Structures are given as structure tokens and as C-alpha cells.
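Trainee: One structure, as C-alpha cells, below. Some questions next.
Numbering (this note's numbering), first residue to last: -10 to 116.
Right under this line is the structure:
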């Protein structure tokens, strides 16, 4: 029996956002007991973002279910979200505070080092 390719993609991908309005709508749907991380990336043909892949692997390996991740394609996203999270010129992940007005950054990483990403995810999980 063949698997539905859309179902597989849904399991393997994070929600995609392209503006602050998208972010606000997304946060409105996030469970109260989940914190939010934004992953800003520059897609390369047939190559996954190393930071996004490491983020996904860490969450799976550590069994972290109280953090939700949304991706922002830096090549197509609106300037508003890129400038707010200082992601105009480089890939990064941002742990944001969804409880405060404007969703400020709590921690921002531009490093692909797995231990740094792991520390950010573990420290940002809902307690």
C-alpha cells in the first residue's frame, strides 16, 4: 500500500510563515503549553537547511513536544518578519516569547553547532 506523499511531507516539515501577520495567526493556534521557535533559512535546491534538520533531529531525539517550530524562507518572506528577527542576511533560529506583545526574541542562534541548538531547544521548552 502506497503512502500519501502529502501526509509524509506534513510529518517532515514545520509550518511555513512569510510575515508578521502569519506569525500572529500561527501563535493564535499554538497550544498554551507550547513555546515557539522560528527557523529562518535560505532554501537551496535539493538541500535541506542544516539548522532546521538539526533542530528537528534534536526535538525528536530528546522527546521535546512542548516546543513548536515554524520556518521562514528568507528568499520569499516579507521584510517585516526578517528585520524584526534580524534574519535579513543569515540563517538563524529564534526562540521567541509568545506571551509578550510583539513576540520578542528570547534567544537567537546563527550557529549550526548541534550542542548550541540542543541547549536552546531544551531551555525553551515549556515548563
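All C-beta atoms in this analysis are idealised placements derived from N, C-alpha and C, irrespective of residue type, glycine included.
This one's a predicted model, so the numbers in the text were calculated from it and none came from an experiment.
Kindly indicate which three-state DSSP category residue 24 falls into: helix, strand or coil?
Mentor: In the structure shown, residue 24 sits in a strand (DSSP, three-state: E or B).
Trainee: Between 23, 10, 2, 3, which has its C-alpha nearest residue 86's C-alpha?
Mentor: Comparing Cα positions, the closest option is 23.
Trainee: Suppose you measure from the CA of residue -3 to the CA of residue 109; what does that come to, to the nearest Å?
Mentor: Annotation note: pLDDT 33 at residue -3 (below 50); position unreliable, no value reported.
Trainee: In whole angstroms, give me the CA-to-CA distance for residue 107 and residue 9.
Mentor: Approximately 26 Å, taken between the alpha carbons.
Trainee: Less than 7 Å separating the Cβ of residue 56 from some heavy atom of the ligand ATP?
Mentor: You won't find the ligand ATP in this model; it holds no ligand whatsoever.
Trainee: Indicate the three-state DSSP secondary structure (helix, strand or coil) for residue 77 in the structure shown.
Mentor: Note: residue 77 maps to coil in three-state DSSP.
Trainee: Considering only their Cβ atoms, is the gap separating residue 59 from residue 25 smaller than 8 Å?
Mentor: Taking 8 Å as the Cβ cut-off, residue 25 and residue 59 qualify as a contacting pair.
Trainee: From residue 73 to residue 82, what does the alpha carbon distance come to, in whole angstroms?
Mentor: Using only the alpha carbons, I get a separation of about 13 Å.
Trainee: Given this structure, state the Cα-to-Cα distance separating residue 21 from residue 99, to the nearest angstrom.
Mentor: Approximately 27 Å, taken between the alpha carbons.
Trainee: List the endpoints of the continuous beta strand (DSSP E) containing residue 62.
Mentor: Here the beta strand (DSSP E) through residue 62 covers 56 to 62.
Trainee: Spatial neighbours of residue 12 within its chain, please: CB distance less than 8 Å, with the 5 preceding and 5 following residues excluded, ordered by chain position.
Mentor: Excluding residues within five positions, the ones whose Cβ falls inside 8 Å are 6, 27, 59, 70, 92.
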